[in-house]
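In what follows, a single structure is set out as structure tokens and then discussed.
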Amino acid sequence: MGARRGHEVIQRLRETPPELWHRGKRVEDPTTEPGLANGVRSLARLYDLQWEEPDVMLFDSPTTGQKVGRSFMIPRTQEELASVGEMMMRWARATFGMMGRAPDYLNRAISAYAGGADFLAEPDPRFGENIRRYHEYMRENDLCLTHTLINPQINRSVGPARQKDPFLAARVKEETDAGIVIRGARMLATLPISDEIMVFPSTLLKSAEEDAPYAFAFAIPNNTPGLRFICRETVDYGRTPYDHPLSARFEEMDAVVIFDDVFVPWERVFLYRDVERCNQAYHATGAVVHMSHQVVCKNIAKTEFLLGLVSMMVDAIGVERFQHIHEKVAEIWVTLQTMKAFRRVAEVDAAPNAYGVMSPAWDPLDAARNLYPRLYPRLIEIVQQIGASGLVAMPTWADVTGPLAEDIMKYYQSARLEARERIPLFRLAWDTALSAFGSRQVLYERFFFGDPVRMAGALFHSHDRSQYMEMVREFLKQTIEEMEQEGASPTAPVPTSGDGAKGGDA
Ligand SMILES: Cc1cc2nc3c(=O)[nH]c(=O)nc-3n(C[C@H](O)[C@H](O)[C@H](O)COP(=O)(O)OP(=O)(O)OC[C@H]3O[C@@H](n4cnc5c(N)ncnc54)[C@H](O)[C@@H]3O)c2cc1C
């Protein structure tokens, strides 16, 4: 089949819809369902984009030679890796980074897992073979994934086995010759309007014995019997793109996933009952690195958008001469350059991993994924601080075309924009910084890659800082040596500069 076009994405979703529930009702057809259909259209549009720039977006399949999506590439050279980065930038810019779960995010994950298949094969060669075949299947059919890692937020002070019911968190209920049966729930899965779901290990399993039934990695079609997605309330309220320019386009949706005795055939299982290996899998295969590569591209696109948006707002209302405005715009610009630098250094310093996959440098990407969750809320605060009341004093399309149109055209103009130009600009700013869509984006940025507190903990423990400690230690040693040369001993009081009278005064 090869790389898909948008109409094929829509057709497949219409013909094989997952069991989505929204506002208490089963969604019959996500491609027409109010609140979901616009997101489906934007997703489809990304696939059309592949064919508008095939040289950037596609590459020749290593097995069939047909054109397939570049985000499925397992890069072996720096040039190949950079070409994936370029492809991801095109998709990210198409939604201003507002669909963080564009398919490339998990295409990168599954490609890295396939590249590191030997890691999965160590306990059982079948698992390695399974992931290779699955990656090929996804690539050749250009399918799109969601994923779910986290157990339901019921009682975080104990692990999944010690909840009120051991089947609240998804776990293995039984094992047969043909596969495993899963019962329980996971949260969350963004983009449930996709084709397949990766149910992979979170990195939080603690006890080898107790947590073994929760330790697995598999992928299945979203329409597998017993698999249910309970969607949150949509943030696309069915308004026009004029009124809700982002919400009416880029609602990717998040859902809690219920496994009601879901059967998973062995050929779709990649890790099983191996707590230690589950905890290591994202890092050991390089999946987290390649996913973070997509994330930094998304961050760049999102920050470019914010810089353009805020600059236009400043210009529109004539506040460009105030110093604090300069400072705030500068903050966005610096964030953009920081993200671009992270991406660049990650690609330039890329090196083959243990499996020969060209992998972006991890340190800058780890820095990016830890920093942006802190910066994005601040950038949104800047939109609010500069937009001020302009973010709420915004008429709708119905107002603009209604009986008060004349008043609106007069009183909603700005220093440099007519009302008909200013209103859509500030509606866009409202949808970015104030609407339900905008708030969900902030929450997404804060948490989607994990709890920032525990991510910082992982960073603290995993990056070697000893060379910097050594630098400081050396400097302190020199100081002592200098003092000793002057006749002082470490046990004697160190003379302060001056004659010590100050100390005597105290
Ligand atoms: C919009 C959105 C989209 C998402 N999409 C996906 C997705 O597609 N797939 C997916 O798998 N996940 C997704 N997530 C989930 C995301 O991975 C989690 O939000 C994140 O890992 C944090 O877990 P939690 O939400 O369960 O928070 P909790 O773990 O319940 O944390 C709640 C609070 O308690 C604190 N806390 C809890 N435990 C500890 C601890 N041990 N030490 C210190 N502090 C602690 C946290 O710091 C936090 O302040 C999404 C989240 C959001 C908000």
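In this text, residue positions in the sequence shown follow the working numbering: the first is 20, and each later residue adds one.
For glycine and all other residues, C-beta sits at the position ideal for the given N, C-alpha and C.
Secondary structure at residue i, three-state DSSP: helix, strand or coil?
| i | result |
| --- | --- |
| Ser102 | helix |
| Glu41 | Sequence check: residue 41 is His here, not Glu. Three-state result, His41: strand. |
| His482 | coil |
| Phe146 | helix |
| Asp48 | coil |
| Gly409 | helix |
| Glu229 | coil |
| Ile442 | helix |
| Phe467 | coil |
| Leu32 | helix |
| Pro94 | coil |
| Met474 | helix |
| Lys192 | strand |
| Arg24 | coil |
| Met377 | strand |
| Val254 | coil |
By the 10 Å Cβ neighbour count, where 16 or more other Cβ atoms means buried, how is residue i classified, buried or exposed?
| i | result |
| --- | --- |
| Lys321 | buried |
| Thr165 | buried |
| Pro94 | buried |
| Pro220 | buried |
| Leu62 | buried |
| Gly522 | Bear in mind that a pLDDT of 36 at Gly522, under 50, signals an unreliable position, so the number given afterwards is only what the model happens to contain. The residue in question, Gly522, is exposed, as its Cβ has fewer than 16 Cβ neighbours within 10 Å. |
| Gly406 | buried |
| Gly203 | buried |
| Ala525 | In this prediction, Ala525 has a pLDDT of 29, which is less than 50 and means its spatial position is unreliable; what the coordinates show is noted afterwards. Counting Cβ neighbours within 10 Å, Ala525 comes out exposed, since fewer than 16 surround it. |
| Asn174 | exposed |
| Arg446 | buried |
| His41 | buried |
| Gln342 | exposed |
| Pro73 | exposed |
| Met490 | exposed |
| Ser266 | buried |
| Arg362 | buried |
| Ile29 | buried |
Among the candidates the options, whose CA atom is the shortest distance from the CA of residue i?
| i | options | result |
| --- | --- | --- |
| Val276 | Ile212, Ala197 and Glu99 | Ile212 |
| Ser80 | Trp110, Met157, Leu100 and Tyr132 | Met157 |
| Ala365 | Val353, Val333 and Val314 | Val314 |
| Asp334 | Ala380, Glu440, Pro260 and Glu501 | Glu440 |
| Tyr261 | Pro471, Trp449, Ala131 and Pro171 | Trp449 |
| Ala387 | Ile499, Lys359 and Ala369 | Lys359 |
| Leu390 | Pro414, Ala417, Arg459 and Pro471 | Pro471 |
| Glu283 | Met474, Ala369, His302 and Ala189 | It is Val, not Glu, that sits at residue 283 in the sequence shown. Ranking the options by Cα distance to Val283, first place goes to Ala189. |
| Val307 | Ala507, Gly135 and Met107 | Gly135 |
| Thr195 | Trp285, Arg152, Phe248 and Asp137 | Trp285 |
| Ala231 | Leu125, Asp293 and Thr50 | Asp293 |
| Ala274 | Asn241, His302 and Gln299 | Asn241 |
| Gln356 | Leu462, Glu323 and Leu478 | Glu323 |
Using the C-alpha atoms, what's the distance from residue j back to residue i?
| i | j | result |
| --- | --- | --- |
| Gln403 | Pro264 | 17 Å |
| Ile399 | Arg287 | 41 Å |
| Ala56 | Met488 | 54 Å |
| Thr35 | Thr304 | 31 Å |
| Ala197 | Arg296 | 23 Å |
| His480 | Phe468 | 18 Å |
| Pro392 | Asn318 | 10 Å |
| Glu229 | Arg112 | 44 Å |
| Leu210 | Ala434 | 41 Å |
| Arg127 | Leu223 | 22 Å |
| Tyr233 | Lys183 | 15 Å |
| Ile216 | Gly245 | 13 Å |
| Asp382 | Ile336 | 41 Å |
| Arg181 | Ser226 | 11 Å |
| Leu423 | His309 | 53 Å |
| Ile129 | Arg492 | 43 Å |
| Trp110 | Leu139 | 30 Å |
| Arg369 | Gly147 | The sequence as given places Ala at residue 369; Arg does not occur at that position. Rounded to the nearest angstrom, the two C-alpha atoms are 24 Å apart. |
| Ala238 | Ile401 | 41 Å |
| Met20 | His482 | 43 Å |
State yes or no: is the C-beta of residue i within less than 8 Å of the C-beta of residue j?
| i | j | result |
| --- | --- | --- |
| Ala208 | Thr253 | no |
| Gly548 | Met272 | Residue coverage of the chain in this structure runs from 20 to 525, which leaves residue 548 outside it and unanswerable. |
| Leu384 | Ile351 | no |
| His312 | Gly104 | yes |
| Val329 | Val348 | yes |
| Thr544 | Val218 | Residue 544 falls outside the range modelled here, since the chain spans only 20 to 525, and no answer is possible. |
| Leu77 | Arg89 | yes |
| Glu155 | Thr82 | yes |
| Asp48 | Arg33 | yes |
| Glu193 | Val87 | no |
| Arg120 | Asn170 | no |
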